[in-house]
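Trainee:
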Amino acid sequence: MLEFVALRVARMFVTIFVIVTAVFFATRLSGDALDFVVAPGMTEEDRIALTAYYGLDGTTWQQYVRYLGAFMQGEFGLSFLERRPVAEIVAERIWPSLQLLLASVGFTLSVSIPLGVIAAVYRQSWIGSAVMSLAFLGYAIPNFVLATLLVLIFAYTLNWLPVVGNGTVWHFLMPTFALSAYMIAGLTRFTRNAMLDVLSQDYMRTARAKGLAERVVILKHGLRNASITVLSVVGLQIAGLAASGSVVVETIFSWPGLGDLLVESAIRRDYPVLQFGVLSVAVAVILINTIVDLAYTWADPRLRLARA
Amino acid sequence: MADIPDTAPSRLRLPRLGLRDLWAEADSIQRIAALLAISLALAALLAPWIAPYDPTAQSLLSRLRPPVGFERFKDGFWLGTDELGRDMLSRGLYGLRLTLTLAMLGACIGLAVGSVLGLLAGVVGGIADSLVMALVDVQIAVPFTLIALLVVAVFGADIEVLIIVLGVYGWEQYARIVRGEVLKLREMPFVEAARATGASQARIALVHILPNVTSPLVVQFTLAFSNIVLLESTLSFLGLGVQPPTATLGSMVGIGRDYMPSAPWIVMVPAVAILLVTFAVQIMGDWLRDRADVRLRGR
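Chains as they are written, first to last, in our numbering: chain A, 287 to 594; chain B, 2 to 300.
And the structure:
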């Protein structure tokens with residue numbers, strides 16, 4: 287088991303290193319990144335000074351080595367536009383994103399797990415089909431279309447909900463729903479399939495033969511066994527889905543989070559911010575995935591023994 | 002747009018069947034989706050001939066006219082006009098055409114790149130295998146939207162860049178499927194026989210192994226296609242895809258958002274078109290996958 291953990295963590299660091307390197311060289315491929323910063327009337331000296339200020343002097347390899355060195359010391363560069371440390375800019379955005387993420391994951395779990403169980407138990411009846419049709423809709427509607435339609439209905443037509451910002455609880459409703467729909471669809475389907483796998487197991491028949499109430503059979507013997515698989519998917523997929531989804535949702539609702547920052551810096555070509563923003567989100571996703579993977583292995587005795 | 006796969010793709014296998022058999026066993030929703038997919042493809046294909054106006058032709062006198070059936074409707078502009086007086090029907094048709102073209106190109110590039118790398122990893126093995134799988138690891142670890150944002154920001158919001166970004170999407174799925182199948186097939190008697198008769202590695206890979214991987218690839222292609230439509234629409238929506246006046250369905254929603262309170266049809270027309278596309282493609286993808294996965298039969 288220890289060997290497995292060590293291997294998994296080592297793989298995580300390799301992945302992170304590859305990403306840091308790839309992101310660095312990708313942003314250098316575009317030619318002179320400063321072209322977008324330097325004002326037309328600038329003198330040559332000013333230009334050189336500015337280049338040195340942002341650490342863009344020397345060959346690409348020299349820059350790369352310097353970049354890695356600074357990275358180790360926790361210096362991630364300065365924003366082209368705001369001229370302050372990117373870490374500071376990104377840090378300001380973390381909490382709003384996290385709030386939205388937590389609200390969405392909470393909402394997703396509380397909706398999709400009951401729905402998935404219901405869809406599995408009533409798979410022969412119309413209830414099961416209705417749930418799966420709903421899940422399909424959540425899958426087929428792109429989140430930006432959903433968010434736009436929500437705004438059209440609840441903000442412009444009915445005037446019930448605010449569109450911009452994250453000031454009150456009301457501000458959370460539309461972004462949370464828009465971000466959750468796709469995750470709910472995926473997780474409902476997955477819970478259903480995991481439950482179906484469990485429902486056909488021998489121990490379910492045993493539990494019924496013992497004379498246990500159906501509710502106990504389904505929830506205690508069924509859901510509990512399915513939950514390990516379900517939770518591992520939550521961990522492995524939700525981080526990635528939420529990262530992609532929040533880029534769109536935060537932009538639409540002007541949510542002051544990381545996704546909004548990423549799109550803004552991509553459009554304004556503020557490479558240092560974009561670079562660090564992408565890296566932080568990627569590293570967060572990888573960290574979460576590694577932890578979930580390890581927890582999953584630990585929680586499932588079959589895997590724990592197989593990988594020991 | 003990571004997918005939550007219900008099943009491991011490597012286990013998929015598509016039995017050979019004629020189109021007629023497929024149609025016969027389809028339920029009504031699947032038939033509707035198939036017909037819808039065909040009509041959308043035709044509409045996209047024939048856009049230059051069936052569109053009533055040039056999609057970029059502006060007519061400032063008939064700006065922001067609503068679709069047929071509403072007050073102030075102007076004859077000839079069946080789905081209304083946008084903020085520059087351009088015909089929404091024509092723009093929608095051309096947007097659909099571009100969206101589907103981009104998605105098709107992207108899906109084909111991803112299929113080609115992924116299959117070649119997967120073949121390479123499986124057939125050659127050794128360092129090639131480790132390298133490809135390390136890349137697969139990285140690609141899976143990073144949410145693709147982030148990669149797309151970075152690439153588009155660096156290389157500019159250009160149509161060629163967009164095609165490449167869409168092409169890179171999902172290659173790792175194909176690579177994994179192909180590699181897995183190759184590892185399985187490599188030990189089969191017919192491949193051994195080919196090797197014994199002196200066939201080269203390239204010949205074994207292309208003639209003996211690749212045809213046997215086709216079915217799972219077809220299923221993956223359909224699933225990837227709908228995700229690529231979504232990705233393209235999302236990037237264009239954010240303003241990182243094609244640039245005006247050229248429009249895809251996604252960028253039409255993105256730009257139309259500014260006029261939403263007063264002229265909601267500017268958003269509704271492309272939004273509904275996107276919904277129809279994803280609806281049709283998703284149902285067909287699910288259909289193929291369920292067909293291919295024996296374990297799901299009867300569920």
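Glycine included, C-beta positions come from ideal geometry on N, C-alpha and C. Small disclaimer: the values here were computed from a predicted structure and weren't measured.
Contact check, LEU80(B) vs VAL270(B) under 8 Å by CB: the rounded distance?
Mentor: Right, their Cβ atoms sit about 5 Å apart.
Trainee: Please report whether the beta-carbon of TYR425(A) lies at a distance below 8 Å from any beta-carbon of chain B.
Mentor: Chain B contact via Cβ: present.
Trainee: Which two residues bound the contiguous alpha helix (DSSP H) that contains ALA457(A)?
Mentor: The sequence given here places His at residue 457(A); Ala does not occur at that position. HIS457(A) -> alpha helix (DSSP H) spans 455 to 485.
Trainee: Distance, Cα to Cα, ILE504(A) vs PHE476(A)?
Mentor: For ILE504(A) and PHE476(A), the distance between alpha carbons rounds to 16 Å.
Trainee: With PHE366(A) and ASP556(A) assumed to form a contact (beta carbons below 8 Å), what rounded beta-carbon distance in angstroms separates them?
Mentor: About 5 Å; that satisfies the 8 Å criterion.
Trainee: Starting from SER537(A), find everything on chain B with Cβ-Cβ shorter than 8 Å and list it in chain order.
Mentor: Position check: residue 537(A) holds Thr in this sequence, whereas Ser was assumed. The contacting residues are LEU239.
Trainee: Could you give the distance in angstroms between the alpha-carbon of ASN228(B) and the alpha-carbon of LEU163(B)?
Mentor: Answer to the nearest angstrom: the Cα atoms are 15 Å apart.
Trainee: Between which two residues does the alpha helix (DSSP H) containing ASP138(B) stretch?
Mentor: Here the alpha helix (DSSP H) through ASP138(B) covers 127 to 142.
Trainee: Does the beta carbon of GLN283(B) sit closer than 8 Å to a beta carbon anywhere in chain A?
Mentor: GLN283(B) counts as touching chain A.
Trainee: How big is the Cα-Cα spacing for ALA464(A) and SER390(A)?
Mentor: Their Cα atoms are separated by approximately 9 Å.
Trainee: Are PRO542(A) and ASN452(A) close, meaning C-beta to C-beta below 8 Å?
Mentor: The answer is yes: Cβ separation under 8 Å.
Trainee: If we cut at 8 Å on Cβ distances, does PHE463(A) have a partner in chain B?
Mentor: Chain B contact via Cβ: absent.
Trainee: Among residues of its own chain, excluding the 5 on either side of ALA195(B), which ones have a beta-carbon nearer than 6 Å to its beta-carbon?
Mentor: Correct list, in chain order: ILE205, HIS209.
Trainee: State the DSSP-derived secondary structure class of PRO371(A), mapped to helix, strand or coil.
Mentor: Strand.
Trainee: With 16 as the cutoff for other CB atoms within 10 Å, does THR307(A) come out buried or exposed?
Mentor: Label assigned to THR307(A): exposed.
Trainee: State the DSSP-derived secondary structure class of ASP88(B), mapped to helix, strand or coil.
Mentor: Three-state DSSP puts ASP88(B) in a strand.
Trainee: Could you give the first and the last residue of the continuous alpha helix (DSSP H) run that contains PRO212(B)?
Mentor: Looking at the DSSP string, the run of the alpha helix (DSSP H) that includes PRO212(B) is 211 to 238.
Trainee: Rounded to a whole number of angstroms, what is the C-alpha to C-alpha distance between THR443(A) and SER263(B)?
Mentor: Straight-line Cα distance between these residues: approximately 10 Å.
Trainee: Got a sec? Which residues, its chain only, sit under 6 Å from THR474(A) by beta carbon, not counting five neighbours each side?
Mentor: Cβ neighbours of THR474(A) beyond the five flanking positions: SER398, LEU401, GLY402, ALA421.
Trainee: May I have the straight-line CA-CA distance separating PRO212(B) from VAL282(B), to the nearest angstrom?
Mentor: Their Cα atoms are separated by approximately 24 Å.
Trainee: Please list the terminal residues of the continuous alpha helix (DSSP H) segment that includes ALA248(B).
Mentor: ALA248(B) -> no alpha helix (DSSP H), and no H or E assigned at all.
Trainee: What did DSSP end up calling ASP291(B) once you bin it into helix, strand or coil?
Mentor: Helix, per DSSP.
Trainee: Please tell me whether VAL295(A) and THR576(A) are closer than 8 Å, where the distance is taken between their beta carbons.
Mentor: Their beta carbons are under 8 Å apart, which means VAL295(A) touches THR576(A) by this criterion.
Trainee: Would you check if there are 3 or more beta carbon pairs closer than 8 Å linking the region 524 to 531 of chain A to the region 91 to 109 of chain B?
Mentor: No: fewer than three Cβ pairs fall under 8 Å.
Trainee: How would you call ASP22(B), buried or exposed, if buried means at least 16 neighbouring beta carbons within 10 angstroms?
Mentor: ASP22(B) comes out exposed.
Trainee: On the three-state DSSP scale, how would you describe LEU65(B)?
Mentor: In the structure shown, LEU65(B) sits in coil (DSSP, three-state: anything other than H, G, I, E or B).
Trainee: Pull up the distance between the alpha-carbon of GLU550(A) and that of ARG379(A), whole angstroms please.
Mentor: Going by the C-alpha atoms only, they are around 12 Å apart.
Trainee: If you count every other CB in all the chains shown that lies within 10 Å of the CB of GLU500(A), and 16 or more means buried, which is it?
Mentor: With fewer than 16 Cβ atoms within 10 Å of its Cβ, GLU500(A) is classed as exposed.
Trainee: Please list, in chain order, the residues of the region 430 to 461 of chain A that have any C-beta partner in chain B closer than 8 Å.
Mentor: Listed by position, the residues of the region 430 to 461 of chain A near chain B (Cβ gap below 8 Å) are PHE430, VAL431, THR434, LEU435, VAL437, LEU438, TYR442.
Trainee: Measure the C-alpha to C-alpha separation of GLY181(B) and GLY126(B) and round it to an integer number of angstroms.
Mentor: Straight-line Cα distance between these residues: approximately 12 Å.
Trainee: Cβ atoms of SER566(A) and VAL376(A): under 8 Å apart, would you say?
Mentor: Cβ atoms of VAL376(A) and SER566(A): closer than 8 Å.
Trainee: Can you tell which of LEU276(B), LEU231(B), LEU121(B) has its C-alpha closest to the C-alpha of VAL183(B)?
Mentor: The candidate whose alpha carbon is nearest that of VAL183(B) is LEU121(B).
Trainee: Under 8 Å between beta-carbons, which chain A residues line up against ALA48(B)? List them in chain order, please.
Mentor: None at all; the shortest Cβ gap to chain A is about 21 Å.
Trainee: Check whether the Cβ atoms of ALA42(B) and SER91(B) sit closer than 8 Å, and answer yes or no.
Mentor: Not in contact: ALA42(B) and SER91(B) (Cβ atoms no closer than 8 Å).
Trainee: Take every Cβ of the region 188 to 203 of chain B, pair it with every Cβ of the region 242 to 252 of chain B, and state whether three or more of those distances are shorter than 8 Å.
Mentor: Too few Cβ pairs lie closer than 8 Å, so no.
Trainee: Counting only Cβ pairs nearer than 9 Å, list the residues of chain A close to ASP138(B).
Mentor: Result: ARG297, VAL300, THR301, VAL304.
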